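Numbering (our numbering), first residue to last: 4 to 82.
Ideal Cβ positions, reconstructed from N, Cα and C, are used throughout, including at glycine.
None of these values were measured; they are calculated from a predicted model.
Encoded structure:
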């Protein structure tokens, strides 16, 4: 576990369960997980092209934000 800037521990050693939307049983399991824990990670939602397009759109949005966020740059992790 690591400590964030607010002094909270972040567990970066365990992964979340993933539920495929392509199979009814796993989709149902994902919905049950969502209802029980308040979150769920669903896989197979978009194809690779849509994932890449969405990432590009997100970066365009982040890089065009007004101050004080206007320094965010995708190739500069410290921003």
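Strand pairing of residue 48, partner residues [DSSP]: Under DSSP, residue 48 forms no beta bridge with any residue.
Close beta carbons around residue 36, own chain, < 6 Å, minus the five adjacent residues each side: 43
Meets three-Cβ-pair contact criterion under 8 Å: the region 53–64 and the region 23–31: no
Residue 77 and residue 62 closer than 7 Å at C-beta: yes
Bridge partner(s) assigned by DSSP for residue 22: 45
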